[in-house]
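Using our numbering, the first residue of the sequence shown is number 88, and each one after it goes up by one. Quick notes on the structure that follows.
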Amino acid sequence: MEYRTFGTTGVKVSTHCLGAMMFGAWGNDDAGECVRIIHAAIDAGINFIDTADVYSAGGSEEIVGKALAGRRDRVVLATKVHGAMGRGVNDGGNSRLWIMREVEASLRRLGTDHIDLYQVHRPAADADLEETIGALTDLQRQGKIRYFGTSTFPAWLVAEAQRVAERRGLARPRSEQPPYSILVRHAELDLLPAAQRYGMGVLVWSPLCRGWLTGRYRRGVQPEAGSRAVRNRERGGVFAAQFDMARPENQRKLDLVESLARIAAAAGVSLPHLAVAFVLSHPGVTSAIIGPRTMAQLEDLLAGADLRLDGATLDAIDALLPAGTTVDDNDRGWVPWWLDKAARRR
């Protein structure tokens, strides 16, 4: 396992970060198996774990907390705040009111007295950046969090957050967690350069593009029971659209997966290993989140932990999908509020 410095913090983290979104009702509801997966990841050298309060309505944090009993100091523990955790009008968002309340709930579920990296899960139109960063600065000074960062923020908001912190004498965000994969490359246009400019650690999510780059979804092949495609169809709405094979974007993905599988075969590696190694090849990326649902998935991903791609393989990927290309806007992770119809009309 390779370790890289997380931005300019001096903290060393594994290039593979264990994502806990699949632990709990959203993925694997066998808490005992999830704990064993976490222990296996730590024993394999992973020292970075990422979760969020909203994952399985707090269930993921609780499982991670159980797994880290007696092992807390072996990992850099990251979680997030923003998503709605109740029916109250203030039970979510980026306000000081909610952040100060929800951090206590996360600490309780995680069974710890501090969070190493506390991330704002998404931007919010109704909370000023100074409000949010001020609250996070206070939590840092209280010792409840060590660092804070953002997730799925556009580059201009990342830069603005840095300026707000400097102008107001606040602690500054030290990381960003964007979506990034072979099929989702818009971060290369401005986000990754901005993070490099500000010395931020970058922890990318969905390097396998919601499972598309596992090789499970191919033409003429029915998705396996329990796969994300099946689960998302059952959830409906935007989740179902991600795997609606009739959509032109998904038809293109099916074609691209076949081409990428040939590139992987030519390099003598599996498609999932190619996908994770691709994102780690960018100099602006510190770590990639892997989100196994089963022990077998973890073991497979760990088998490719040391893979680094050569120039010819990277060139072949670029020829297929040029830098900055994103196949499906649904994979960006959120819809900017300034594109809502109400924001574009008088």
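Quick reminder that beta carbons are idealized off the backbone N, C-alpha and C, glycines included.
Distance between beta carbons of residue j and residue i, contact taken as under 8 Å
i      : j      : result
Ala165 : Asp137 : 4 Å
Val414 : Leu358 : Contact doesn't hold; Cβ gap of about 16 Å is too wide.
Arg91  : Ser374 : 7 Å
Ala354 : Leu396 : 7 Å
Val245 : Ala211 : Between Ala211 and Val245 the Cβ distance is about 15 Å, and since that is not below 8 Å, they are no contact.
Glu189 : Val168 : 5 Å
Asp418 : Arg297 : 7 Å
Val122 : Lys99  : 25 Å between Cβ atoms; not a contact.
Glu191 : Met382 : Not really, about 33 Å apart at Cβ, beyond 8 Å.
Glu263 : Thr237 : 5 Å
His83  : Arg161 : As shown, the chain starts at 88 and ends at 433. That puts residue 83 outside it, with no answer to give.
Pairwise C-alpha distance: residue j and residue i
i      : j      : result
Met172 : Leu300 : 31 Å
Leu361 : Glu149 : 32 Å
Gln329 : Tyr267 : 16 Å
Trp113 : Leu389 : 22 Å
Ser346 : Arg272 : 17 Å
Phe93  : Pro265 : 15 Å
Ala430 : Asp215 : 17 Å
Asp405 : Val356 : 17 Å
Pro423 : Asn181 : 15 Å
Tyr285 : Gln229 : 25 Å
Lys231 : Ile220 : 15 Å
Val141 : Gly179 : 10 Å
Ala352 : Gly391 : 14 Å
Gly256 : Thr95  : 18 Å
Ser101 : Val366 : 14 Å
Leu226 : Glu217 : 14 Å
Val163 : Leu204 : 8 Å
Gly302 : Leu295 : 9 Å
Ile377 : Leu223 : 26 Å
Arg433 : Arg250 : 30 Å
Asn177 : Trp185 : 7 Å
Phe135 : Gly420 : 22 Å
Leu385 : Leu394 : 15 Å
Arg259 : Arg349 : 43 Å
Pro409 : Asp213 : 35 Å
Ala118 : Tyr304 : 27 Å
Ala333 : Thr412 : 21 Å
Asp416 : Phe235 : 27 Å
Trp243 : Arg209 : 14 Å
Cys104 : Ser147 : 15 Å
Residue i classed as buried or exposed, judged by whether at least 16 other C-beta atoms fall within 10 angstroms
i      : result
Lys428 : exposed
Leu270 : buried
Arg261 : buried
Pro241 : buried
Ala248 : buried
Leu426 : exposed
Ala327 : exposed
Pro280 : exposed
Glu444 : Residue 444 cannot be examined here, being either before or after the span of the chain that is shown, 88 to 433.
Gly145 : buried
Val363 : buried
Ala156 : exposed
Arg436 : Past the edges of the chain, shown from 88 to 433, lies residue 436, and the structure says nothing about it.
Distance cut-off 7 Å: residue i Cβ against heavy atoms of the ligand SAM
i      : result
Ala192 : You won't find the ligand SAM in this model; it holds no ligand whatsoever.
* Do the region 397–408 and the region 275–292 meet, that is, are 3 or more Cβ pairs less than 8 Å apart? -> no
* Taking three-plus beta-carbon pairs below 8 Å as touching, is the region 112–132 in contact with the region 183–198? -> no
* To do: Enumerate, from N- to C-terminal direction, the unbroken beta strand (DSSP E) stretches of 3 or more residues contained entirely within the region 323–392.
  => 374–377
* Would you call the region 332–341 and the region 366–377 touching, i.e. three or more CB-CB distances under 8 Å? -> no
* **contact_flag[the region 102–109, the region 171–189] where n(CB pairs < 8 Å) is 3 or more** => no
* Quick one: which unbroken beta strand (DSSP E) runs of 3-plus residues sit fully inside the region 192–236? Chain order, please. => 202–207
* Asked: If you scan the region 123–162 from start to end, which runs of the alpha helix (DSSP H) of 4 or more residues do you find wholly inside it?
  -> 146–154
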